[in-house]
Amino acid sequence: MSKPTRLAVKDSEPKHLPIYQHKNKLVQAVRKSPFLIVTGETGSGKTTQLPQYLHEAGFCKNGKIGITQPRRVAAITVAQRVAQEMKCTLGREVGYQVRFDDCTSQETAVKYMTDGCLLREVLADPSLSQYSVVILDEVHERSLNTDILLGLLKNVFSDPAEAAKRRSFPLKVVVMSATLESDKLSAFFNNCPVFEIPGRVFPVTCTFGSAVGPKDVERNFYVKEVVKVALDVHISEKAGDILVFLTGQSEIEHACDLLFEKAENIDYRYDVQDRTVEGLLILPLYGSMPTDQQRQIFQPPPPGIRKCVVATNIAATSLTINGIKYIVDSGFVKQLNHNSRVGMDVLEVVPISKSEAQQRAGRAGRTSAGKCFRIYTKEFWEKCMPEYTIPEIQRTSLTAVILTLKCLGVHDVIRFPYLDCPEERFILEALKQLYQFDAIDRRGKVTKLGELMVEFPLHPGLTRALLKSASLGCQDLLLPVAAMLSVENIFIRSVTWRTLEKEAAKKHRALAEKTGSINDFATLLCVFNSCKSSDRPSAWCKENWIHWRALKSAFSVETQLREILLRLQQVQDFPTESFDGNKSELLRRCLCSGYFTNVARRSVGKVFCTMDGHGSMVHVHPSSSLFEQEAELNWVIFHDVLVTSKTYIRTVCPIRYEWVKDLLPKLHEVDVYELSSVARQEVTEDEMVKWESKEAAKRQQEASAEDVMKKLEKRNTEDSVSDARARYLQRKQQREQRKAL
DNA sequence: TATCCCATA
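The C-terminal residue of the first sequence carries number 741 in the UniProt record's numbering, and the numbering is unbroken.
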């Protein structure tokens with residue numbers, strides 16, 4: 001395929017970007033209004049150019065220009081390019097800051113950063129006094145941190161008089177987004193002006209398939225179908241590479257195997273428009289793949305060979321592969337959703353939204369016109385796919401976010417200005433959990449412990465366990481575990497070949513056995529320590545099928561957590577406790593104080609029943625050392641839940657009922673709906689007394705956790721939890737109902 | 001009875 005190389009070079013010159021002719025008007029628009037929305041498709045140049053225009057126009061006299069990105073790589077690469085264009089050394093006038101990598105200095109006037117970084121800065125300095133302009137980029141992606149920043153910026157800077165009290169000069173806020181939803185954003189920021197920049201994209205023609213209809217939502221029928229369509233494309237379409245979208249690792253490897261088998265039977269000398277397509281290069285792509293293997297994806301295929309990349313959603317926004325002309329879209333994605341019925345965050349496969357389908361199709365039109373083959377029917381599109389992807393803030397656990405808001409002085413977390421309100425139930429659930437972790441008191445006020453917790457970049461449950469271990473003086477057990485659980489999966493499972501997969505599993509089993517216990521958390525600790533004390537850690541990883549990149553980042557996270565803990569122990573009067581139990585139980589006892597919300601008890605055979613008040617039936621994931629383990633392990637805690645062929649719990653550890661006995665009633669003592677008034681901070685003394693007596697009565701009623709459990713088990717015999725579709729439709733219906741109201 | 005979306009502090 002001939003690439004328009006010269007054109008591409010010319011395009012990257014700032015003056016040829018669509019944004020250039022709007023330069024003066026754009027700068028004026030920022031001058032005039034405290035808030036401004038800028039919309040433009042990818043390729044309009046807004047991310048790299050606008051900060052430069054503002055810098056040139058003298059906006060950096062009083063403070064910095066800060067630009068947020070939802071992803072680390074984006075923040076770094078864009079900063080590199082802008083530094084180049086401004087002809088300065090990266091880290092001086094132009095810099096970036098992401099976790100573990102601060103490339104800024106006193107001189108830095110234009111600072112690219114992740115949205116999470118800016119949120120941390122807000123915690124330390126709510127009026128953002130260092131900045132003259134804050135630009136939130138890629139707002140249409142609706143990342144959790146960006147959404148919170150939107151609300152905070154509106155809250156703090158909407159009232160000019162109030163803002164003036166906080167700062168010596170006004171702050172300019174620019175919100176950048178793809179064209180969708182610009183009216184909504186403008187309305188959110190007091191009907192502020194919208195500036196539109198035309199983009200430049202090539203047309204992509206889309207076709208619907210006939211295979212996957214509304215009834216196939218639940219079956220993973222689509223793997224076979226994408227393989228068939230990809231082969232059709234290979235045989236009948238002009239030269240150009242193929243990108244296939246699937247949902248997960250095992251599916252992708254299965255599809256690659258099928259493609260390989262079937263492509264062997266193709267007549268490779270099939271003549272397509274004067275180009276002899278001799279073969280098909282099949283490449284899997286997913287996030288947990290080793291980096292060197294990922295790099296292969298970007299190399300152009302050998303002459304005459306067509307590349308076919310089978311990827312997860314990683315290829316939708318995070319990675320751009322050149323030369324893609326054809327998309328095969330399965331119509332599904334694996335997504336982390338907060339599930340009220342299961343009562344926790346669950347990873348599940350759901351249909352993508354229409355806007356996401358368009359995003360996928362767009363990956364074929366980056367360098368020339370392309371084609372997108374959707375394997376699902378028009379009916380599936382109309383009936384099963386929502387218009388937009390539900391923003392993260394409406395579908396994940398809000399526990400950490402609510403704690404952050406509370407610590408920022410936002411007490412009324414229900415009436416906080418969300419661009420899209422999460423369901424009140426989700427907010428109340430988060431409050432309930434914070435209360436259970438002792439992070440807030442019964443009036444919704446942040447406790448001393450809560451103030452300690454917000455300092456840690458971890459899930460609150462994990463933070464709770466870590467703080468427990470610190471107060472017992474055994475933080476060396478929990479710090480590595482917390483670090484390992486907050487990085488990507490460290491176990492490499494396979495590289496397409498089944499024999500090697502068995503090899504990997506054998507090594508991982510050996511590591512689990514080395515701990516002398518059956519406990520996935522202990523295995524993580526063991527991997528961490530074994531590798532750290534090894535002479536050649538990267539070789540050790542290779543030998544044991546461990547992800548070196550992931551483990552390295554776990555080392556950094558552990559160091560960071562250790563530093564935070566040390567700082568807090570020096571400043572605050574840190575709580576201390578003594579432990580008189582068996583030393584070998586220490587790790588598990590600490591885990592219990594953060595994971596008592598994730599307790600399950602063996603029900604029948606291999607089925608476990610969760611104890612969180614929802615009583616879901618779950619199975620131990622095959623990757624766990626508890627998988628297939630026998631009946632004496634009756635009580636377990638687990639780190640997360642995953643719905644694929646079954647509802648699986650992952651990273652599991654057996655516990656004794658006595659350890660959680662006193663904590664479990666706490667799960668049932670607070671009625672979520674009664675927290676509503678606490679959330680609003682409108683509780684009168686009378687209400688408080690009434691509420692507390694009611695709770696006391698309830699506690700008496702549910703004398704022990706055993707009783708609760710029996711009740712739950714009874715209720716759950718008819719309940720199928722793996723019915724992802726029913727839940728999906730239920731959520732959809734609820735959303736529509738709310739909209740109608 | 002058989003397997004792990006993507007990000008982020």
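Note that the Cβ used here is the ideal one computed from N, Cα and C, for glycine as well.
On a predicted model such as this, the values are computed, not experimentally measured, just so you know.
Could you check the C-alpha separation between residue i and residue j for me, to the nearest Å?
i: VAL401; j: ASN145; result: 9 Å
i: ALA482; j: ASN191; result: 44 Å
i: ARG549; j: GLY287; result: 12 Å
i: TYR673; j: PRO622; result: Residue placement at TYR673 is poorly supported in this model, since its pLDDT is 45, which falls under 50; the coordinates still yield a value, given next. Whole-angstrom Cα-Cα distance: 37 Å.
i: THR651; j: VAL454; result: 24 Å
i: LEU50; j: VAL110; result: 11 Å
i: ASN24; j: GLN52; result: 12 Å
i: LEU431; j: THR399; result: 7 Å
i: LYS589; j: TRP659; result: Reading the sequence as shown, one finds Arg at residue 589 and not Lys. When rounded, the distance between both Cα atoms is 7 Å.
i: ILE148; j: THR317; result: 21 Å
i: PHE521; j: CYS653; result: 7 Å
i: PRO300; j: ILE282; result: 13 Å
i: VAL73; j: VAL604; result: 47 Å
i: GLU713; j: GLU630; result: The pLDDT assigned to GLU713 is 48, lower than 50, so where the model puts this residue is not dependable; a value taken from the coordinates is nonetheless given after this. Approximately 20 Å, taken between the alpha carbons.
i: PHE208; j: PHE35; result: 41 Å
i: TYR268; j: GLY279; result: Any reading at TYR268 must be qualified, since the residue scores a pLDDT of 45, below 50, and its modelled position is unreliable; the value itself is stated next. Distance between the alpha carbons of TYR268 and GLY279: 6 Å.
i: ARG374; j: HIS234; result: 15 Å
i: MET611; j: LYS661; result: 11 Å
i: ASP115; j: GLU141; result: 12 Å
i: LEU565; j: PHE491; result: 28 Å
i: THR576; j: LEU485; result: 25 Å
i: ILE546; j: ALA554; result: 12 Å
i: PHE528; j: THR320; result: 33 Å
i: ARG715; j: GLY43; result: With a pLDDT of 43 at ARG715, under the threshold of 50, the modelled position of that residue is not reliable, and no figure is offered here.
i: LYS606; j: MET344; result: 21 Å
i: MET688; j: GLU429; result: Summary for MET688: the model assigns pLDDT 48, below 50, so the residue's position carries little reliability, and this model does not support an answer.
i: residue 821; j: GLY362; result: Only positions 1 to 741 of the chain appear in the structure, and residue 821 is not among them; the question remains open.
i: ASN337; j: HIS459; result: 15 Å
i: residue 802; j: PHE426; result: In the structure displayed, the chain extends from 1 to 741; residue 802 sits before or after that span and is not available.
i: THR247; j: GLN84; result: 37 Å
i: GLN69; j: MET113; result: 6 Å
Any idea what DSSP makes of residue i, helix, strand or coil?
i: SER177; result: strand
i: GLU632; result: coil
i: residue 742; result: Beyond the ends of the chain as shown, which are 1 and 741, falls residue 742; an answer cannot be given.
i: CYS407; result: helix
i: GLY66; result: strand
i: THR42; result: coil
i: THR610; result: strand
i: ARG306; result: strand
i: LYS325; result: strand
i: LYS371; result: strand
i: TYR131; result: strand
i: HIS16; result: helix
Can you check DSSP and say which residues form a bridge with residue i?
i: MET344; result: ASN339
i: LEU285; result: ALA311
i: TYR648; result: HIS619, LEU642
i: GLN97; result: ASP102, MET113
i: PHE491; result: ILE546
i: PRO351; result: PHE332
i: PHE260; result: The partner list for PHE260 (beta bridge, DSSP) is empty, contrary to what the question assumes.
i: GLY444; result: The partner list for GLY444 (beta bridge, DSSP) is empty, contrary to what the question assumes.
From the options, pick the residue whose C-alpha is nearest to that of residue i; which is it?
i: ARG99; options: PRO34, SER556, VAL607; result: SER556
i: ARG602; options: ILE649, GLN572, GLN28, GLU513; result: ILE649
i: THR312; options: GLU253, CYS88, THR48, VAL413; result: GLU253
i: CYS421; options: SER353, LYS406, THR396, ARG442; result: THR396
i: CYS117; options: ASP101, LYS661, SER132, ILE197; result: ASP101
i: VAL204; options: GLY365, THR447, GLN80; result: GLY365
i: ILE637; options: LYS64, HIS619, LYS583; result: HIS619
i: SER593; options: GLY331, LEU466, ARG31; result: LEU466
i: ILE352; options: CYS372, ILE427, SER330; result: SER330
i: PRO290; options: LEU626, ASP241, VAL413, CYS541; result: CYS541
i: TYR131; options: ASP241, ARG71, PRO170, GLU162; result: PRO170
i: LYS448; options: LEU152, PHE574, PHE245; result: PHE574
i: ILE242; options: LEU185, GLY370, LEU119; result: GLY370
Tell me whether residue i counts as near the ligand FMN, meaning its Cβ is closer than 7 Å to at least one heavy atom of that ligand.
i: GLN296; result: Among the ligands in the structure shown, none appear at all, so the ligand FMN cannot be discussed.
Enumerate, from N- to C-terminal direction, the unbroken alpha helix (DSSP H) stretches of 4 or more residues contained entirely within the stretch 154 to 210. For the alpha helix (DSSP H) assignment, the uninterrupted runs of no fewer than 4 residues enclosed by the stretch 154 to 210 are, from N- to C-terminal side, 160 to 166, 182 to 188.
Which residue spans inside the stretch 546 to 604 form an unbroken beta strand (DSSP E) run of at least 3? 599 to 604
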